[in-house]
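Each remark here refers to the structure printed beneath this line.
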Amino acid sequence: MKKLLYLFAVLIPLLLSGCSLLEETNKSLEYVNETTDYLNDLSTFAENAPQMFQDAATSQETKKDLENQLTSLSAEIENFNSIEPPVIAEDIHQQLVAKNEVLIDQINQVMVNGEILLDQIENTGIYTTIEEITKLRNQLEELGV
């Protein structure tokens, strides 16, 4: 009987630590997937935005669509910043959050009361910031999750 109790005393902590490891791995995979989706959204915006900015100068419909996209992008950035990263990704998440804060400030420079100021786009560096953020994808892939 004592041997059986001893066996359980040894096995239970091993099983529990295995569950914790599995949970952390799942959390890491979920984080990588969410971050990859977020970075893909930023890349798509960066690819489409230059033409939209040009078209918005002559088309109210495109201008309104661009305003909606920038508003949605700001909300997506805020949502991403609030994600709780796994321990393995804390450093990269902090880098992303710092760059995201810069991007939010830049978006706020071109959006006043929900209206886009087309003449301010070139002065903000939005494209450069998005490029810097998406370059962090390589670090994310190096996590090996």
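Going by mature numbering (1 follows the signal peptide of the UniProt record, and there is no 0), the letters in the sequence shown line up with residues -22 to -1, 1 to 123, in that order. By construction, the Cβ of each residue, glycine as well, lies at the ideal position given by its N, Cα and C atoms. Here the structure is a predicted model, which is why all the values come from computation and not from measurement.
Asked	Found
Exposure of residue 7, with buried meaning 16 or more beta-carbon neighbours within 10 Å	exposed
Identity of the residue in 17, 4, 118 nearest residue 68 by Cα	118
CA-to-CA distance, residue 56 to residue 3, given in whole angstroms	25 Å
Burial state of residue -16, where buried means 16 or more other Cβ atoms lie within 10 Å	Caution is warranted here: a pLDDT of 46 is assigned to residue -16, below 50, making its placement in the model unreliable, and the coordinate value is therefore given only provisionally. The residue is exposed, with fewer than 16 neighbouring Cβ atoms inside 10 Å.
Option nearest residue 46 by Cα separation, candidates 85, 32, 64	85
Reference residue 82, options 39, 10, 48, closest by Cα	48
Through-space distance from residue 12 to residue 33, alpha-carbon basis	31 Å
Residue 10 at chain B interface by Cβ criterion, 9 Å	Any reference to chain B falls outside this structure, which holds one protein chain only.
Reference residue 109, options 9, 27, 10, 5, closest by Cα	27
8 Å Cβ shell around residue 101 - same chain, five flanking residues per side excluded	87
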